[in-house]
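Residue numbers (our numbering): 15 to 389. Step one of this worksheet: look at the structure below.
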Amino acid sequence: MEEVVVEGYVKIKVPRDRSISKRDKVFYNPKMAVNRDISVAVLQSFLNKYRREKFLICDPLGGSGVRGIRYAKELINPCGTVEVIINDINPFAVKTVKENIRLNKVENVQVFNRDANVLLSEHFRTFNLVDIDPFGSPNPYLDSAIRSCITRDGIVAMTATDTAVLCGSYRKACIRNYDAIPLTGDKELAVRLLIGYAIRVAGKYDIGLRPVLSHFTDHYIRTFLVTERGAKRADEAMEKLGYIKIENEEKIIRKREEGFERGFGGLFYTGEINDIATVGEALKIAQERGYSERSIKILREIYEECTVGNVIGCYNIHRICSTIREHVPPINYIVEMLRERGFKASRVHYDPNSIKTDGGIEDVIKCIREYNRRR
Ligand SMILES: C[S@@+](CC[C@H](N)C(=O)[O-])C[C@H]1O[C@@H](n2cnc3c(N)ncnc32)[C@H](O)[C@@H]1O
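Here it is in structure tokens:
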């Protein structure tokens, strides 16, 4: 049995009985609509900025086709066309993609039934955007995705649902899959580990990757990386990799060339994760188009985080209060108090109990104690 669901500006025919797992005949996860809303908004902001006669997208792990069809229908290229390739190894998925293309009357989509890595490998430096949306880790497709993307201002977008690995619950798997030692306790470090790994993969092709927007939502990480051509750009990206240690809630950074030291994790990307202009523009687009409240909220919170500047990770107020045996104040008050003291501060989109600030742990503790004294 099938049903038609509406998502964004498209209608999608999907199986009615879904376990939202690999076992489904054709995969469709309605919860990922937020991921797709944010993706369309980010890509539209990119299209508004970079003029392209043709914007060629590859969605090599297409499932029901919802993502690629949304790109085909909702992205507007002010200077030309948008063309989309949707691929899936599962023939049932491909049949559904074709039905959904007819249902939405889109003419700018081509469909393939190939192994994603074979398809990507046959398209050397071709796509403006490659969007890897796999079950679990994007790693098996990352190398071929980077090779298939244009090397100047292309975009490699990826979703990673292996967050337990990236967050450090499965240390050995992280070392094996990402050649990096994970750290627990701050989800942003998982995002930084994934980006750091992608930069190392691209580096061997003399391609630099510049992150423009990343978020950690529910059980997945989503990141958008812009390609930059040449050894110099690749070197610049590599220079932003480092090892990190968490000591008394503070992040201590050790440069890559200083080498690994016991107690540190990494390699992590230590540069800016988000480009404030891209985030601001994506937020505006999501609002104008009436995308989901949740996608707008996430973009708004990321925008706020950007105003703090490049601060690595966050302070978990609940954990700090438990250590110093203080009551937990309302998080917004701590943010406000830090701002009154001249620090930059914000909440973080991925943890309601945490804040980001350019102040140190002592400044945060002072605010907590002062709030509780005044109470
Ligand atoms: C998480 S789903 C994709 C969801 C889809 N992008 C969306 O937004 O709804 C992953 C898809 O990858 C497909 N897949 C798995 N391994 C593949 C491979 N080696 N090559 C191509 N497709 C593959 C699966 O059949 C599945 O449809």
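Ideal placement from N, C-alpha and C gives every residue a C-beta, glycine not left out.
How is residue i classed by DSSP in three states: helix, strand or coil?
i           : result
residue 284 : coil
residue 85  : helix
residue 22  : coil
residue 359 : strand
residue 231 : strand
residue 200 : coil
residue 274 : coil
residue 180 : helix
residue 75  : coil
residue 254 : coil
residue 374 : coil
residue 279 : strand
residue 106 : helix
residue 60  : helix
residue 379 : helix
residue 68  : strand
residue 310 : helix
residue 195 : strand
residue 335 : helix
residue 321 : coil
residue 343 : coil
residue 135 : helix
residue 290 : helix
residue 385 : helix
residue 90  : coil
residue 40  : coil
residue 119 : coil
So, are the CB atoms of residue i and residue j less than 7 Å apart?
i           : j           : result
residue 78  : residue 24  : no
residue 327 : residue 194 : no
residue 401 : residue 361 : Nothing in the structure corresponds to residue 401, since the chain is present only between 15 and 389.
residue 37  : residue 16  : no
residue 227 : residue 142 : no
residue 106 : residue 201 : no
residue 207 : residue 278 : no
residue 180 : residue 212 : no
residue 160 : residue 139 : no
residue 55  : residue 299 : yes
residue 253 : residue 224 : no
residue 74  : residue 134 : yes
residue 238 : residue 257 : no
residue 146 : residue 124 : no
residue 233 : residue 177 : yes
Using the Cβ count rule (16 or more neighbours within 10 Å means buried), how would you classify residue i?
i           : result
residue 34  : exposed
residue 343 : buried
residue 101 : buried
residue 315 : buried
residue 229 : buried
residue 41  : buried
residue 92  : exposed
residue 149 : exposed
residue 245 : exposed
residue 218 : exposed
residue 359 : buried
residue 295 : buried
residue 366 : exposed
residue 18  : exposed
residue 130 : buried
residue 293 : buried
residue 182 : buried
residue 173 : buried
residue 429 : No answer is possible for residue 429: the residues shown for the chain start at 15 and end at 389.
residue 196 : buried
residue 284 : buried
What does DSSP give as the partner residues of residue i in its beta bridges?
i           : result
residue 172 : 146, 237
residue 223 : 241
residue 330 : 368
residue 124 : 99
residue 28  : 17
residue 52  : Answer by DSSP bridge pairing: none, since residue 52 is not bridged.
residue 266 : 259
residue 299 : DSSP output for residue 299 lists no bridge partner at all.
residue 392 : The question about residue 392 has no answer, for the chain in this structure spans 15 to 389.
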